[in-house]
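Presented below is the structure to which this report refers.
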Amino acid sequence: MTHKIAILGASGYTGAELVRLIATHPTMEISALAANSKAGQAMADVFPHLRHLDLPELVTIDEIDFAGIDLCFCALPHKTSQEVISALPKDLKIIDLSADFRLRDPSAYEKWYGNPHAATEMQKEAIYGLTEFYRNEIASARLVAGTGCNAATGQYILRPLIAAGVIDLDEIILDLKCGVSGAGRSLKENLLHAELSEGYHAYAVGGTHRHLGEFDQEFSAVAGREVKIQFTPHLIPANRGILATAYVKGDAQTVLDTLNAAYDDEPFVVVLPLGQTPSTRHVRGSNFCHIGVVADRLPGRVIVVAALDNLTKGSSGQALQNANLMLGEDETAGLMLAPVFP
Numbered sequence: 000m001t002h003k004i005a006i007l008g009a010s011g012y013t014g015a016e017l018v019r020l021i022a023t024h025p026t027m028e029i030s031a032l033a034a035n036s037k038a039g040q041a042m043a044d045v046f047p048h049l050r051h052l053d054l055p056e057l058v059t060i061d062e063i064d065f066a067g068i069d070l071c072f073c074a075l076p077h078k079t080s081q082e083v084i085s086a087l088p089k090d091l092k093i094i095d096l097s098a099d100f101r102l103r104d105p106s107a108y109e110k111w112y113g114n115p116h117a118a119t120e121m122q123k124e125a126i127y128g129l130t131e132f133y134r135n136e137i138a139s140a141r142l143v144a145g146t147g148c149n150a151a152t153g154q155y156i157l158r159p160l161i162a163a164g165v166i167d168l169d170e171i172i173l174d175l176k177c178g179v180s181g182a183g184r185s186l187k188e189n190l191l192h193a194e195l196s197e198g199y200h201a202y203a204v205g206g207t208h209r210h211l212g213e214f215d216q217e218f219s220a221v222a223g224r225e226v227k228i229q230f231t232p233h234l235i236p237a238n239r240g241i242l243a244t245a246y247v248k249g250d251a252q253t254v255l256d257t258l259n260a261a262y263d264d265e266p267f268v269v270v271l272p273l274g275q276t277p278s279t280r281h282v283r284g285s286n287f288c289h290i291g292v293v294a295d296r297l298p299g300r301v302i303v304v305a306a307l308d309n310l311t312k313g314s315s316g317q318a319l320q321n322a323n324l325m326l327g328e329d330e331t332a333g334l335m336l337a338p339v340f341p
């Protein structure tokens, strides 16, 4: 059976990544591509690396006939996304890659994103899209909210450790580096080559990063009590990739055993032998997440490092993994591409 797919926001990085992945999917066909600002153009003109594909022309969202669409990916900015999704057919399966449906509490959404949520009933319906931990709920969902890429990386490290109670929940530090594509494709002065290259910097320092809303929500739910971590993201002069380093109190072998138990059967999460650490180079362009555990020289302290591609496992690959579940397909379909190296 062939599933007909629509992508809204196809002219952004996550939209292009969805097209790249779906192009090799055995049972999905891209039937509609929307990009209001570039409507009327060919996808090959917007993204020349996709010119070998036979793709529909970019159109406005209003021009799409959703009657024949089985699943829609929405890769639009937050706030815009909730407005668009609210107007879509009520029986349409949707995966939203924005932040609009990640937070279950409307007041938390307003706190972190600065405006009231305009689709609170749909917000209640949405399933959080961290596949490895919400697999059963995602399979039967109509609306899935993709995670933030930073939030996904931190959770792959910390969620099993918090759930098992093997680390001090009040002493968690997460230091994260993210490639520039995580900031999107819109023109921004601080992302100009002359402003960004040959250096990197911390941003949203002191607990202001929006993905903290996801950490607070998910970690506290897993622990059954409030858990708040220290988190500092950094922007690095690389196109793709996230490297997250967590500093925790616990026993290194116990931490490793806990992660191995959590991910032993997971096709995309690879836990390395004790003492080895991952690199963004080893997951580039893939749906894999690599995790390494190292015992610190200070007794009772552990360093855990995770690497993933923010556009793939952190966003579009995760979305396709969830779409496979929602459509009853093999969860790994279209996603077993090996990382690109060097």
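Oh and the sequence shown: position 277 is 276 in numbering that gives the first Met the number 0, straight run, nothing missing. Built from N, CA and C at the ideal position, the CB exists for glycine as well. Computed from a predicted model, the values in this text were never measured in an experiment.
Flag this pair as yes or no: are the beta carbons of residue i and residue j separated by less than 8 angstroms?
i, j, result
"GLY128", "ALA138", "no"
"ASN309", "GLY240", "yes"
"LEU234", "CYS177", "yes"
"LEU96", "ALA318", "yes"
"ALA306", "VAL339", "no"
"GLY351", "LEU175", "For residue 351 there is no data in the structure shown, the boundaries of the chain being 0 and 341."
"VAL254", "LEU326", "no"
Taking all protein chains shown into account, decide if residue i is buried (16 or more other Cβ within 10 angstroms of its Cβ) or exposed.
i, result
"SER314", "buried"
"SER36", "exposed"
"HIS116", "buried"
"GLY14", "buried"
"ASP295", "exposed"
"LYS312", "buried"
Which residues does DSSP list as the beta-bridge partners of residue i?
i, result
"HIS2", "MET27"
"ILE242", "A small correction: the amino acid at residue 242 is Leu; Ile does not occupy that position in the sequence shown. Partner(s): LYS176 and ALA306."
"TYR199", "Bridge partners of TYR199: none, in fact."
"TYR127", "ALA144"
Determine the DSSP secondary structure at residue i, reduced to helix, strand or coil.
i, result
"ALA140", "coil"
"HIS208", "coil"
"HIS48", "helix"
"ILE94", "strand"
"GLN320", "helix"
"ARG300", "strand"
"LYS89", "coil"
"ALA193", "helix"
"VAL221", "helix"
Quick check on the DSSP output: the alpha helix (DSSP H) that includes residue i runs from which residue to which?
i, result
"HIS289", "It is not in any alpha helix (DSSP H) - HIS289 instead sits in the beta strand (DSSP E) that spans 288-294."
"VAL254", "251-262"
"LYS62", "Per the sequence shown, residue 62 should be read as Glu rather than Lys. Taken as a continuous stretch (DSSP letters only), GLU62 belongs to no alpha helix (DSSP H), as it is neither H nor E."
Got a sec, what are the start and stop residues for the beta strand (DSSP E) residue i sits in?
i, result
"THR231", "229-235"
"VAL83", "Run containing VAL83: none in the beta strand (DSSP E); it sits in the alpha helix (DSSP H), 79-85."
"VAL18", "First-last for VAL18: 12-21, but that is the alpha helix (DSSP H), not the beta strand (DSSP E)."
"VAL339", "It is not in any beta strand (DSSP E) - VAL339 carries neither H nor E in the DSSP assignment."
"VAL269", "268-270"
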